[in-house]
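Single-structure report; data block below.
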Ligand code: PEP
Ligand code: MG
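Residue numbers (our numbering): 604 to 1206.
This is the structure:
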């Protein structure tokens, strides 16, 4: 028998950590790579002992001191904003103002002081309990705007954290201390913290929590570097300094990236840089098909800061101004003068390019605080089918007249069109036209009121199946049509946009929706009316040939989408587009239409 030789012990070499791919929500596009570093924050320690009566004045003075320090920090933050691009400043400054307001004579501070004066709580505990109580109240308020309530509750908590850090002198987390060129990782980031991030210091930003609708997201987007939010498990799966790739287009994070992944990312990055340069060059080229048809590309405007991005995008005018935003974040409804100024500034900034102002579209999920007193008392069982848009506006004639008067006055500064939302029957349109005449007559009689020569044209959003099917009738009272594919899809398929994606029902490419678009475009053609699409579908370059094939020649979309859609228009030939549209109209379902579009794109 051979002697048994013991095997030499296997050499224990530390194996390279395995590459891991994680998914989150894509916030800002682009590719970045570098070591991943977490910005950590020490937990807040909150002393909870009550304070003796004799100590109360001293404790109140300590609170005042912490408030003053907090205000100074926020003022400093505000002054640092000037280093950011103008539109980023416009987004961030109001949020800091909200925090500063809470550190003034606010309900929060009054509540905190009352708790300290009762002698039951230390200032730190008083801040914590009062902020939680107020955040709780905000969260239980009625209304559909859950995201808005969450944001406001977060703001109260954020201000409280700042006061407590200043009371206890516990340090804030520092971003500048992380290595230059790294990818910043955090469990979550607060809006005011996001304002402290120096974009040139980082290759990207990734968080484990947070969604795309929050204020933090708004601020991070403004920084303009690749960002992915809500990557669950991010911080359990990484070691400090792990080499990481961030893909802000796909919303992907590659931890411990291999050489092969890095090479692929580098290639992607240079392709993106080339594509961006090519898109910038498109700005001054016409939106014209290969066969010479001119297509009008316009911008949808939701927030005032987007205004100056319009010219840069290559869009010619505004195809949809969602006037709701003028009524948001205000305690009172803006009066005629205020609205006139707001619309006038926009029309003037467009410098002769047309502006289509949509009358207030509110109700249902569009919750505008200043208007809540106009909403029906009893909650509606089916708000999306209830009083919204023009249905609501016609019940509040003063609101309608004020808005019409302001728009007509603003029309003296340049070409303006008025658009009616959520039309389902002709009566809604004729009543609006009647209101326009009434207001026009009234304005004409007023002294010192500058008006355009003629009343602005009046058109409708085609966003209910009824409006699409009755287009020939509505065309008799209308100067133009704009198809709102977001609502048209929802009402045609009786499927909410927020339905879980696995149900796969809400899809504007569903042949039933395409047939309504086609029908509207043909009716408009016969009646000689211009017809545009201003729903999200207009912003997808893959759908551009299909929409042109369905007879659409005007598209309005978010400014960011204009260059890509223009590129798609310039690659189109109308004859091929019409063939593609016929194929799509005959398709059995949306999935097949997607396949048809992909095949056409790859051909
Ligand atoms: C639409 O419904 O397509 C549309 C543009 O209107 P909104 O998205 O504002 O409802
Ligand atoms: Mg709509």
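Even glycine gets a Cβ: it sits at the ideal position worked out from N, Cα and C. Please read all numbers here as calculations on a predicted model, not as lab measurements.
Residue i and residue j closer than 8 Å at C-beta
i            : j            : result
residue 964  : residue 1039 : no
residue 988  : residue 996  : no
residue 1020 : residue 957  : yes
residue 750  : residue 738  : no
residue 625  : residue 834  : yes
residue 1085 : residue 896  : no
residue 829  : residue 814  : no
residue 940  : residue 1016 : no
residue 725  : residue 922  : no
residue 1141 : residue 1125 : no
residue 1063 : residue 1023 : yes
residue 1054 : residue 1082 : no
residue 1088 : residue 1013 : no
residue 1187 : residue 1123 : no
residue 879  : residue 905  : no
residue 776  : residue 643  : yes
Separation of residue j from residue i, as counted between CA atoms
i            : j            : result
residue 742  : residue 656  : 34 Å
residue 641  : residue 843  : 7 Å
residue 611  : residue 860  : Low confidence applies here, because residue 611 scores a pLDDT of 45, under 50, leaving its location unreliable; read the following figure in that light. Each residue's Cα considered, the two are about 33 Å apart.
residue 614  : residue 827  : Summary for residue 614: the model assigns pLDDT 46, below 50, so the residue's position carries little reliability, and this model does not support an answer.
residue 913  : residue 1065 : 24 Å
residue 1176 : residue 627  : 38 Å
residue 580  : residue 1138 : Absent from the structure is residue 580, since the part of the chain shown begins at 604 and ends at 1206.
residue 798  : residue 901  : 31 Å
residue 890  : residue 1165 : 10 Å
residue 680  : residue 672  : 12 Å
residue 882  : residue 1174 : 13 Å
residue 1184 : residue 1035 : 35 Å
residue 1078 : residue 744  : 43 Å
residue 645  : residue 666  : 21 Å
residue 801  : residue 992  : 42 Å
residue 746  : residue 1178 : 49 Å
residue 1108 : residue 1150 : 20 Å
residue 674  : residue 706  : 7 Å
residue 658  : residue 780  : 39 Å
residue 721  : residue 663  : 11 Å
residue 551  : residue 740  : The requested residue 551 is not part of the displayed model; the chain covers only 604 to 1206.
residue 1180 : residue 1051 : 52 Å
residue 697  : residue 822  : 11 Å
For residue i: DSSP bridge partner residues
i            : result
residue 1197 : Looking at the DSSP assignment, residue 1197 forms no beta bridge with any residue, so it has no partner.
residue 846  : 638
residue 623  : 858
residue 901  : 1159
residue 1023 : 1063
residue 810  : 789
residue 629  : 831
residue 891  : 897
residue 1134 : 1084
residue 923  : 903
residue 805  : 785
residue 959  : 1020
Own chain residues within Cβ distance below 8 Å of residue i, not counting five before or after
i            : result
residue 622  : 857, 858, 859, 860, 861, 864
residue 727  : 649, 650, 651, 767, 770, 771
residue 930  : 936, 937, 963, 965, 971, 973, 974
residue 1041 : 1004
residue 1099 : 987, 1093, 1109
residue 898  : 890, 891, 892, 1151, 1156, 1157, 1158, 1172
residue 840  : 623, 625, 858
Residues near residue i by beta carbon distance below 7 Å, same chain, minus five either side
i            : result
residue 784  : 637, 806
residue 733  : 711, 714, 715, 718
residue 838  : 641, 788, 790, 811
residue 1128 : 1154
residue 1119 : 1068, 1071, 1091, 1095
residue 1009 : 939, 942, 943, 946
residue 868  : 634, 636, 848
residue 875  : 633, 634
Neighbourhood of residue i by C-beta distance below 6 Å, restricted to the same chain and skipping five residues each side
i            : result
residue 793  : 761
residue 1171 : 1144, 1147
residue 871  : 634
residue 702  : 677, 762
residue 765  : 673
residue 1018 : 957
Below-8 Å beta-carbon distance, residue i vs any chain D residue
i           : result
residue 631 : The structure shown contains no chain D; it is built from a single protein chain.
Closer than 5 Å to the ligand MG: residues, by C-beta to nearest heavy atom, in chain order = 1066, 1087, 1090
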